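Below is one structure; the comments refer to it alone.
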Amino acid sequence: MPSRAVLITGAAGGLGAVMTAALLKAGHAVAAVDRSREGLARLTAALGAGRERLLPVEAELADPVACTRAVEAAVAHFGRRLVVGLMAVSFALSLYHQTVWHHWFLTELSAPSPLVQTIRSTVPRGTCVRFNPSLPAEATLVQATRYRLHSFYLFDYAYRRMSPTEWLTQCNGPYLTYDVPNLHEIGSVQRIAEDAKSGLLLVQKVRAH
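According to numbering that gives the first Met the number 0, the sequence shown holds residues 0 to 208 in order.
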């Protein structure tokens, strides 16, 4: 294979260091990318022949911007000779985006809402709790999954879907709904709390004194 410039990620140790040394020994140039500045310094010091063809690049591969800058630095240094080892870079980017997605899933999509906390702290277990099956016209994923999510957290309540008119006549507990104006048209209700992430409201009937 003719002399090439290769980008190696995780180059300061393990398989990355072995690959870096082997490529330099074979006459190729290497952009050695690693998040450890000390590790890159040790790698450079340990190399013998071919050290002049090594470009150490410090970069945190969990950061997409840092990955881009590492590639840009290698291209700027080696030019068109560069053959980028993008498999590791792509894996790092994929891992980063998966981490972001899982964080969003746990904190935004599946975490208990303040409405659940309000119900569990103020409404006795076993009480009728109803959910309006009518969703907003362009419901988001968070809005569309609220019913099933609350069924998990309200497992010890009489919880199910029910229309507003049925709720007013058949249930004495609170109501979860996105549509308060319609409720005001058919009966007197009081707003107790709101889930800021989804716009879901917790309401209850106004009791006559």
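Even for Gly, the Cβ is constructed at its ideal location relative to N, Cα and C. Owing to the predicted nature of the structure, the values given are computational and were not obtained by experimental measurement.
Check	Outcome
Enumerate in chain order the residues of its own chain whose CB-to-CB distance from F130 is below 6 Å, with the five nearest sequence positions on each side excluded.	Y146, R160 and L175
Going by C-alpha to C-alpha distance, which of L39, H27, A25 and V202 sits closest to T8?	L39
To the nearest angstrom, how far is it from the Cα of L200 to the Cα of Y177?	6 Å
Ignore the nearest five residues each way along the sequence and tell me which others in P132's own chain have a CB closer than 6 Å to its CB.	R160
Give the straight-line distance between the Cα atoms of S112 and T144, rounded to the nearest whole angstrom.	12 Å
How many angstroms separate the CA atom of A20 from the CA atom of A45?	9 Å
Measuring only the C-alpha atoms, how far is K204 from D62?	51 Å
Tell me the residue span of the beta strand (DSSP E) that contains T8.	A4 to T8
Between G125 and P173, what straight-line distance do the alpha-carbon atoms span, to the nearest angstrom?	12 Å
Just to confirm before moving on: does the CB-CB distance between R50 and T43 stay below 9 Å?	yes
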